[in-house]
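Protein chains in written order, with the working numbering: chain L, 4 to 313; chain B, 28 to 103.
C-beta: ideal position from N, C-alpha, C; glycine also.
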Amino acid sequence: MKSLICEMLGIEYPIFQGAMAWIANASLAAAVSEAGGLGIIAGGTAPMELIRGEVRKAKEITSKPIGVNIMLLSPHADEMAKMVCEEGIKVVTTGAGTPGKYMEMWKANDIKVIPVVPSVAIAKRMVRSGADAVIAEGTEAGGHVGELTTMVLVPQIVDAVEVPVIAAGGIGDGRGMAAALMLGADAIQVGTRFLTAYECTIHDNYKKKVLNAKDIDTVVTGRRTGHPVRVIKNKLSRGFQELDLNIAPPGEYEKLGAGALARAVLEGDMEYGSIMAGQIAAIINKEESCKDIIMDLMTEANKLLNRDWN
Amino acid sequence: MDLNKVKELVAEQLGVEIADLKPETSLKNDLSADSLDLFQIIMSLEEEFGIEIPTEDTENINTIGDIEAYLEKRKA
Chain L
4 MKSLICEMLG IEYPIFQGAM AWIANASLAA AVSEAGGLGI IAGGTAPMEL
54 IRGEVRKAKE ITSKPIGVNI MLLSPHADEM AKMVCEEGIK VVTTGAGTPG
104 KYMEMWKAND IKVIPVVPSV AIAKRMVRSG ADAVIAEGTE AGGHVGELTT
154 MVLVPQIVDA VEVPVIAAGG IGDGRGMAAA LMLGADAIQV GTRFLTAYEC
204 TIHDNYKKKV LNAKDIDTVV TGRRTGHPVR VIKNKLSRGF QELDLNIAPP
254 GEYEKLGAGA LARAVLEGDM EYGSIMAGQI AAIINKEESC KDIIMDLMTE
304 ANKLLNRDWN
Chain B
28 MDLNKVKELV AEQLGVEIAD LKPETSLKND LSADSLDLFQ IIMSLEEEFG
78 IEIPTEDTEN INTIGDIEAY LEKRKA
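Below is the structure:
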């Protein structure tokens with residue numbers, strides 16, 4: 004299975020690890036890269052120097068390519084955009100906006116720019132402004148999501164743009180990977196499956212939640228205020244739903260949501276923490292190494308894709 | 028450049044009546060457009076009027092009147 008993305012980025016397997024804020028740190032990203040995928044350190048809204056530290060730590064663990072995700076709504080986005088140039092990062096993925104204003108600087112530093120896109124129109128726009136590939140992320144994903152499913156989004160974006168497409172959202176095993184490649188994707192991005200990796204440093208309570216999740220256990224909150232986020236149901240998500248019912252002002256949502264992801268990831272607060280996870284959480288039932296996850300995805304997908312379908 | 032087309036495009040994308048679109052109508056606040064809708068509208072405007080609208084410019088476009096004023100400016 005040869006992939007354009009693998010050649011473009013110099014990685015072995017066409018598997019990106021999703022950039023989960025507070026979660027995708029040096030430990031996780033370096034383990035994924037070392038295993039032959041693309042590990043991506045999530046910038047989120049964290050201060051720039053903190054993320055620079057993670058980048059340096061990751062580089063001590065692996066000499067293979069590492070990506071950084073820049074959340075464009077972050078107050079630190081400008082500093083982060085410069086930092087990746089200074090640290091010699093060669094792949095940047097972006098979320099929550101259009102990276103147009105950084106494009107020239109990144110290109111000058113030989114950085115491949117890969118935005119996450121939720122629709123055909125936005126994918127086309129990103130490519131026009133210089134994106135080297137796009138990540139088409141369906142609503143099955145955890146965290147901030149769009150409306151369309153991976154199944155319908157991926158083929159439409161593949162048809163609409165000339166650059167390679169990475170499929171994301173709802174892909175947790177080799178079957179999902181094979182399906183995504185069948186839809187025309189050149190690579191996949193996996194987030195939720197890596198939550199229970201040994202190298203993922205989130206609180207044990209968070210891992211247990213993911214291991215125990217069933218098919219119907221995630222919900223999207225915040226659609227009403229324009230910030231839809233998929234999480235595992237708990238008191239926090241029910242609180243958001245109550246605010247929806249009461250047509251509460253946006254400030255109430257911010258109050259309830261402030262620091263909620265960190266509460267889940269660092270403190271293991273499963274009641275009022277934000278337990279971001281994708282719908283595929285249900286099929287994850289064990290802890291394993293990033294290497295085992297990647298090899299399992301590759302082996303199963305290869306077997307399916309090479310199967311004699313007659 | 029036929030500015031009537033603006034309302035037509037917005038009405039079609041958001042499923043609202045052309046008659047309800049006033050210059051001060053806000054796409055986000057009055058018509059509940061999300062960022063995906065907004066980019067879809069921008070793309071349709073680009074196709075209709077044969078121009079490229081840089082993303083930086085879209086940040087100041089909130090109302091029907093803003094779109095019309097922007098297009099007028101680009102025409103000039």
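Check: Could you tell me whether the Cβ of F76 of chain B comes closer than 9 Å to any Cβ of chain L?; Outcome: no
Check: Which residues bound the beta strand (DSSP E) around I235 of chain L?; Outcome: V232 to I235
Check: Measuring only between beta-carbons, confirm whether K104 of chain L sits less than 9 Å from chain B.; Outcome: yes
Check: Looking at the unbroken beta strand (DSSP E) that takes in T52 of chain B, where does it start and where does it end?; Outcome: T52 of chain B -> no beta strand (DSSP E), and no H or E assigned at all.
Check: Is the segment 214-230 of chain L in contact with the segment 45-60 of chain L, if contact means three or more CB pairs nearer than 8 Å?; Outcome: no
Check: Between which residues of its own chain and I88 of chain B is the CB-CB distance below 7 Å, once the five residues before and five after are set aside?; Outcome: I94 and Y97
Check: So, using beta-carbon positions, are G42 of chain L and M74 of chain L closer together than 9 Å?; Outcome: no
Check: Determine whether the Cβ of R131 of chain L lies closer than 9 Å to any Cβ atom of chain B.; Outcome: yes
Check: In the segment 43-65 of chain B, which residues sit with their C-beta less than 7 Å from some C-beta in chain L, listed in chain order?; Outcome: D61 and L63
Check: If you follow the alpha helix (DSSP H) that M180 of chain L is in, where does it begin and where does it stop?; Outcome: G177 to M185
Check: Using the Cα positions of S3 of chain L and P68 of chain L, report the straight-line distance between them to the nearest angstrom.; Outcome: The structure shown does not extend to residue 3 of chain L, since chain L is modelled only from 4 to 313, so the question has no answer here.
Check: How long is the line joining the alpha carbons of L307 of chain L and E202 of chain L, rounded to whole angstroms?; Outcome: 28 Å
Check: Can you confirm whether E39 of chain B, when its beta carbon is compared against all beta carbons of chain L, has any partner nearer than 9 Å?; Outcome: no
Check: Could you have a look at L296 of chain L and say whether DSSP puts it in helix, strand or coil?; Outcome: The sequence as given places Ile at residue 296 of chain L; Leu does not occur at that position. Note: I296 of chain L maps to helix in three-state DSSP.
Check: Using the DSSP secondary-structure output, state which residues sit across from P118 of chain L in a beta bridge.; Outcome: L:T97
Check: Please state whether the Cβ-Cβ distance between A32 of chain L and L264 of chain L is less than 9 Å.; Outcome: no
Check: Could you check if P253 of chain L is buried or exposed, using at least 16 other CB atoms within 10 Å of its CB as the buried criterion?; Outcome: exposed
Check: Report yes if the CB atom of V157 of chain L is closer than 9 Å to the CB atom of G179 of chain L, and no otherwise.; Outcome: no
Check: Can you tell me which of the three DSSP states L307 of chain L falls into?; Outcome: helix
Check: Can you tell me which of L:D299, L:Y256, L:V223 and L:E255 puts its alpha carbon nearest to the alpha carbon of M279 of chain L?; Outcome: L:V223
Check: If you count every other CB in all the chains shown that lies within 10 Å of the CB of D272 of chain L, and 16 or more means buried, which is it?; Outcome: buried
Check: Ends of the beta strand (DSSP E) at E140 of chain L?; Outcome: V137 to E140
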